[in-house]
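Asker:
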Amino acid sequence: MIRIVLIEDDDLMREWLGRSLSSRGHEVDRYRRADEAIEAVSADPPDVIVSDIHMPGMSGIELGQALRARGILTPIVMMTADPSEALDARAGAVGAHCLLRKPFADLSDLWSAVEAAADSVSPTPSDDITGTSHALRTPITAIRMALEGLTAERIMDAREQHLAEIAHRNLDRLTAALEDHLARLSLAVEENSTVD
130 MIRIVLIEDD DLMREWLGRS LSSRGHEVDR YRRADEAIEA VSADPPDVIV SDIHMPGMSG
190 IELGQALRAR GILTPIVMMT ADPSEALDAR AGAVGAHCLL RKPFADLSDL WSAVEAAADS
250 VSPTPSDDIT GTSHALRTPI TAIRMALEGL TAERIMDARE QHLAEIAHRN LDRLTAALED
310 HLARLSLAVE ENSTVD
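When you line the sequence shown up against our numbering, it's residues 130 to 325, in that order.
1) G193 CB to nearest chain C CB: under 8 Å?
2) Got a sec? Which residues, its chain only, sit under 7 Å from D164 by beta carbon, not counting five neighbours each side?
3) Determine the direct distance from the alpha carbon of G221 to that of S307, and round the result to whole angstroms.
4) To the nearest angstrom, report how far apart L141 and V134 are at their CA atoms.
5) So, L236 versus M208, is the Cβ gap smaller than 8 Å?
6) Where does M142 fall in DSSP's three states?
7) I need the DSSP call for E156, collapsed to helix, strand or coil.
8) Using CA atoms only, rank isn't needed, just tell me which of L196, H183, S152 and L292 is closest to P212.
9) Looking at the structure shown, is D235 part of a helix, part of a strand, or coil, going by DSSP?
10) Enumerate, from N- to C-terminal direction, the unbroken alpha helix (DSSP H) stretches of 4 or more residues contained entirely within the region 189-232.
11) Please state the DSSP three-state secondary structure of S180.
12) Less than 8 Å between the beta carbons of I205 and H226, yes or no?
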């Protein structure tokens, strides 16, 4: 599954492309405008961005520039109904993986472009550890916050207090085990990179 942010100002085109990509098993977040999508992309970059170039407000080219300025290197598949060599060069300069011509004669061109863009990003071992770390720490933090919210909102009887203590203790154990494992993985990657 590829996480995709789709940005297209035409409602019918956005719906059609979104359904098509979703039917391939991908997770697709849809936006009408680039300036609506940029904060979401900055907070949690997807695997691939699929964006029209000519849109009201921020263009696809400006989106690419803004993301690169923020250090976000997510590959972008750009689309346009008015392709040109100059536009292709501008798109490439802001990190576009490719520029597709609309309307699509065949959606397999889009599917192939998205899959190739996702494959073009090969995570390093340390990137993989960072991603895994985030993926594991986030739900643990959410569980901890939910548990604290539940226990703070009401007076609990002895049984409920006992269950809450067990949950807190086991969350602490899980967090400690996770941190230990991630530290050992980071050390192994570091040692491996100095050997190479």
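C-beta: ideal position from N, C-alpha, C; glycine also. Fair warning: this is a prediction, and the values are worked out from it, not measured in the lab.
Answerer: Well, looking at it:
1) Protein chains in the displayed structure number just one, and chain C is not present.
2) In the same chain as D164, and ignoring 5 residues on each side of it, the C-beta atoms closer than 7 Å to its own belong to G186 and M187, in chain order.
3) The identity of residue 307 in the sequence shown is Leu, whereas the question assumes Ser. If you take the alpha carbons of L307 and G221, they lie about 40 Å apart.
4) Each residue's Cα considered, the two are about 16 Å apart.
5) No, the pair does not count as a contact, with Cβ atoms beyond the cut-off.
6) If DSSP states are grouped into helix, strand and coil, M142 belongs with the helices.
7) Three-state result, E156: strand.
8) P212 has its Cα closest to that of H183, out of L196, H183, S152 and L292.
9) When secondary structure is reduced to three states using DSSP, D235 falls in the coil class, being assigned neither helix nor strand.
10) The DSSP assignment places 189-198 and 214-222 as complete runs of the alpha helix (DSSP H) inside the region 189-232, in order along the chain (cut-off: 4 residues).
11) The three-state reading of DSSP puts S180 in strand, counting E and B together.
12) For I205 and H226, yes; Cβs fall inside 8 Å.
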